[in-house]
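K.L.:
Line order of the protein sequences matches chains L and F. For the first sequence, position 99 matches number 119 in our numbering, and the numbering has no gaps at all. For the second sequence, position 263 matches number 522 in our numbering, and the numbering has no gaps at all. Quick reminder that beta carbons are idealized off the backbone N, C-alpha and C, glycines included. Values in this document were obtained by computation on a predicted structure and should not be read as measured data. Before I ask anything, let me first share the structure, which is written out below as structure tokens.
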Amino acid sequence: MKALKLMTAALALVIGGQASAASNQEIITHVSYNVITATYVELAQATVSLKQAVDIFVQNPNEATLAQAQNAWRGARMPWEASEAFLFGPVDSLGIDPMLDTWPLNRLDLDAVLASGRTITPEMIRSLGTNLQGFHTIEYLLFGDGVHSNTKPISAFTAKQFEYLSSTAQVEMEHAAALAYAWTNRWNPEDASSPGYSAILAQPGWNNQFYTSEAAVLEELVKGMMAIADEVANGKIADPLGGDINSANMALVESPFSWNSLNDFTFNIRSIYSVYTGTYRTSQGPGVKALVERHDPQLAQQIEQHILGCMQLIQAIRPAGGGDFGQAIFTPDGRQRAQQAIQALNQLHAVLEQQVLPLVDK
Amino acid sequence: MTAAIGELKLIMRVIALSLLLSLQAFAQEKTVNEVTPAVQVVAPAPSPSVSPSPTPGGTPEPTTNMEAEKSAPVSTVMVTKAEDLKAFPKFSFKSYGYFTFSQAETFKAVNDLTKYNRRKMDLAEIAFEGNYELTPTSKIEFEVEIEHGGVGTAMEFDPFEEFGEFETEVEKGGEVALPEFVYKKSFPTTDSVLKVGKFPLFISIGTILEKPSRFYAIQASDVEAAMIPYHWNELGVQAEQKIWKFTGRLGLVSGLNSEFFRSYSWVGGGYQRQFENVNADDLATVASLEFGSVAKGSGVGLAYYNGNSQNNRYKKDKLTVSAEVEIWSLLVNYRIWKFQLTGESLRGTLENSDKVALANSTLGGLAKPKSFAPLGHKAVLDSVQLAYDIFDDNTLVPYVRWEHVNTFDEVQGSITKYPRYDWTRSSAGLMWAWDQGAFMKFQYAEDRTELIGMPETKWFGLAFGFDIAKFN
């Protein structure tokens, strides 16, 4: 929590100090290569680390190796959730999104597969439904059911679960690698002449089959930000809340097993921040904010503060007594804080739609 | 090599069908030539047995049914044709439709199997059938269906995806559809029929018993849609030959597209109706032998479907192996005294099902299969229904029905069997034709899957509809 606050404050200082009069092309180039592609490259690296940590745990299961595998899962989760403001391009056209991150996990079918007695291999995992592979399958197997705690005793692991874990981590790593490759080298694996999608996004023009103008790219970026603001507010947070405390539903919470939900949501909004400010890790450059600044510098600054505010409101949902979003929805205070976050996110969505989106054509 | 074999098969099919049609045409031509002298010497007086029967309004009724054509002597048919030609073309029009109310137990989410009741009302279908008779032996039949009372792209809600996703259903041709548009040429002397156009396949009870007056439950089949297209009509050409009470059919029709095969509908999703055009790189053969008439409740039939589904894919490079679909079906709809026995048994095979599933799993955009890419290699479907016609006039008919489908009966490669798709529906209900051509149907059903931990669910449905074709 503290680390996140410090991180967001530091980001605000760095970006706030930069006055940018960057052109649309500069925005597009920087965001394509240094934000989006960089995120996917990090994701690919993080899933390699996850696979390695899972294999170490499977070969030598103890509390220390389990904790390392769990941390590796959290580490891989960050770049993925921080990519959800740009779920366009290969992640969609190659069908990778559902293979990496389908929620909810289908626990009944998973139990049926584990009980089937078949040897579980990466090939078998590839042929399963997307709700039986990916982040949340690994999460469930590593962390347990998440109802009363977010850890699982070593004695609860079965040989089949080890097989499943190792194979699923392998497939997850392959999908993340394919996604990074599609952005860096070849967006269409079936076409040897296709460039990386970063080049497609960064070079709009009449000969570009997806983006014929800079405005088209900027529109894609702004709509991507709007989509994740809407999903976090009205899907990820609002749906599990239900109409009242009696209809709150933990089965609808994302990442409930690891108690990582609020970090997931925060990094979702962090992806908006990255596209908006052009900041990713140590890389800084013009983002969509530069476009807004050209028309209304004050508004540009307000939006940035609003994004940071949303991240803080999401973190504030965490119950003081422990737990995560899955526990907060069953307390009046937690629900109230969640409503505040929803309201702020919906306002952010409205600002992006009403005040930023019209600027892409100006 | 595989592609070459596929093309060879296709060419062989076309040749076989052409030969069959040529033989038929030749036989017909020969017969006509032989009877021509007889026609010339017959007096032109119309035969009472085939004269148009006067109606109260004095308008002659159409006399185009095959029975009338077949029973008439050849010479008199020719005479009648000469007279009737003045009255052609003729147009007739029928219609049927129904709306439903249902209540079903359903679940909140895949990991929250708390049941709740969902009630629905649906203006399910209104169909308009046109019959345009060009001559006594040729006609065009078409049917326009308005489904779910509207036109446009439908929004659907999928409770098992993410947090319950609202989705756009890509169903062009599903809301206002032209499921049937066929030219039929009859050859009375050889008892043959040639069909060209889009027509229903003789493959399943749900497709054959299309009109609501022909079945007692709310739908002719509740499980077919889990395996094959329900109301399966395809574009193509078909020859039919009748010998005594047997009817043989052989057709070449548009095939399926394996890109849209999904766990929940097996090859049914490959029925090409999402796009404006139907890809015809792979065609299918349909053949059947029927005794009596399954459609009219007095027949049994054996049917066969075979067609590749690989080359009709849009993203062809994703699947480099053949994906042949083969289906056998045994169909019964037979009346004994007041009892009506209706049933079917389907056995289907999808070649390289594991590779099809893998190819589909990486489709993006609206074709994204999400969790539904896995496919079974062999699928089975069995159903049996026993109805009792209380007054022997089809006005009050209770029935019981048992249906079972399993689209993961056998799997290939790394595919795992999914007990979720091995499910059984047991129903009981009543059909009440309370007015001429108008009916009400009640149905209560219980569903059970073989997935451990998945509770049984109950379903109740009520339909109200009309069928003005009922008494024709």
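1) Is the CB of L/THR210 under 9 Å away from at least one CB in chain F?
2) Beta-carbon separation of L/ALA135 and F/ILE711 under 9 Å?
3) Which same chain residues, not among the five before or five after L/ASN366, have their C-beta less than 6 Å away from its C-beta?
4) Beta carbon of F/HIS490, beta carbon of F/PRO447: below 9 Å?
5) Would L/ILE116 pass as an interface residue toward chain F - the criterion being a Cβ-Cβ separation below 9 Å?
6) F/LEU622 touches chain L at which residues, Cβ-Cβ below 8 Å?
7) How many whole angstroms separate the CB atoms of F/TRP525 and F/ALA626, which I take to be in contact at a CB cut-off of 8 Å?
8) Check whether the segment 304 to 315 of chain L touches the segment 118 to 133 of chain L, counting contact only when three or more Cβ pairs, one atom from each stretch, lie closer than 8 Å.
9) Taking only three categories from DSSP, how would you classify L/PHE345?
10) Does any residue of chain F bring its CB to less than 9 Å from the CB of L/ALA271?
11) What are the start and end residues of the alpha helix (DSSP H) that includes L/THR157?
12) Determine the direct distance from the alpha carbon of L/GLN79 to that of L/ASP259, and round the result to whole angstroms.
13) For F/TYR530 and L/PHE106, I'd like the C-alpha separation in whole angstroms.
14) Taking the alpha helix (DSSP H) that F/THR466 belongs to, which residues open and close that run?
15) Output needed in chain order: residues of the segment 96 to 129 of chain L with a Cβ under 9 Å from some Cβ in chain F.
16) Quick one: what's F/PHE657 bridged to in DSSP?
17) With a threshold of 9 Å between beta carbons, is F/ALA262 in contact with chain L?
18) From F/TYR573, F/THR506 and F/GLU610, pick the residue whose C-alpha is nearest to that of F/GLY551; which is it?
19) Should F/PHE701 and F/ALA692 be called a contact, given that it needs their Cβ atoms to be closer than 9 Å?
20) Whose Cβ in chain L lies nearer than 7 Å to the Cβ of F/PHE631?
21) Against L/MET144, what residues of chain F qualify as contacts under a CB-to-CB distance less than 7 Å, listed in chain order?
22) Counting only beta-carbon atoms, is F/ASP371 nearer than 9 Å to chain L?
23) Would you mind sorting L/LEU162 into buried or exposed? The rule is 16 or more other CB atoms within 10 Å of its CB.
24) Please check if any C-beta of chain F sits within less than 9 Å of the C-beta of L/ARG138.
25) Decide if L/LYS20 is buried, meaning its Cβ has at least 16 other Cβ atoms within 10 Å, or exposed.
26) Pull up the CB-CB distance for L/SER281 and L/PHE345, whole angstroms please, since I reckon it's below 8 Å.
27) How long is the line joining the alpha carbons of L/ALA348 and F/GLY635, rounded to whole angstroms?
28) When the Cβ atoms of the segment 353 to 373 of chain L are set against those of the segment 330 to 337 of chain L, are three or more pairs found closer than 8 Å?
29) Strictly below 8 Å CB to CB, what residues from chain L border F/ALA678?
30) How would you list, in chain order, the residues of chain L whose beta-carbon sits under 8 Å from the beta-carbon of F/ASP648?
31) Going by DSSP, what residue range makes up the beta strand (DSSP E) through F/PHE774?
32) What is the DSSP secondary structure of L/GLN363, reduced to helix, strand or coil?
33) Using a Cβ cut-off of 9 Å, pull out every chain L residue sitting near F/LYS637, in sequence order please.
34) Leaving aside the five residues before and after F/PHE440 along the sequence, list all residues of the same chain whose C-beta is less than 6 Å from its C-beta, in chain order.
35) With a cut-off of 9 Å, does the C-beta of F/ASP652 fall near any C-beta of chain L?
36) Between F/PRO395, F/SER397 and F/ASN390, which has its C-alpha nearest F/VAL403's C-alpha?
P.N.:
The structure says:
1) Note that residue 210 of chain L corresponds to Glu in the displayed sequence, not to Thr. Cβ-Cβ to chain F under 9 Å: yes for L/GLU210.
2) yes
3) ALA253
4) no
5) yes
6) GLY115
7) The pair is not a contact, with the Cβ atoms about 17 Å apart (cut-off 8 Å).
8) no
9) helix
10) yes
11) 155 to 163
12) 39 Å
13) 33 Å
14) 464 to 467
15) PRO110, VAL111, ASP112, SER113, LEU114, GLY115, ILE116, ASP117, PRO118, MET119, THR122, TRP123, PRO124, LEU125, ASN126, ARG127, LEU128 and ASP129
16) In the sequence on display, residue 657 of chain F carries Pro and not Phe. The partner list for F/PRO657 (beta bridge, DSSP) reads F/LEU689.
17) Note that F/ALA262 has pLDDT 49, beneath the 50 cutoff, so the model's placement of it is unreliable and the number below is only indicative. Taking Cβ atoms only, chain L never reaches closer than 9 Å to F/ALA262, which makes this a no.
18) F/THR506
19) no
20) GLY149
21) SER673 and THR675
22) yes
23) buried
24) yes
25) Beyond the ends of chain L as shown, which are 21 and 382, falls residue 20 of chain L; an answer cannot be given.
26) 4 Å
27) 42 Å
28) yes
29) The sequence shown places Pro at residue 678 of chain F, rather than the Ala named in the question. Within 8 Å Cβ-Cβ: ALA132.
30) In chain order: nothing, as chain L lies at least about 42 Å away.
31) Here chain F comprises residues numbered 260 to 731, so residue 774 of chain F is not present and cannot be evaluated.
32) helix
33) Going along chain L, no residue has its Cβ under 9 Å from F/LYS637, so there is no contact; the nearest lies around 16 Å.
34) PHE401, GLY456 and LYS457
35) no
36) F/ASN390
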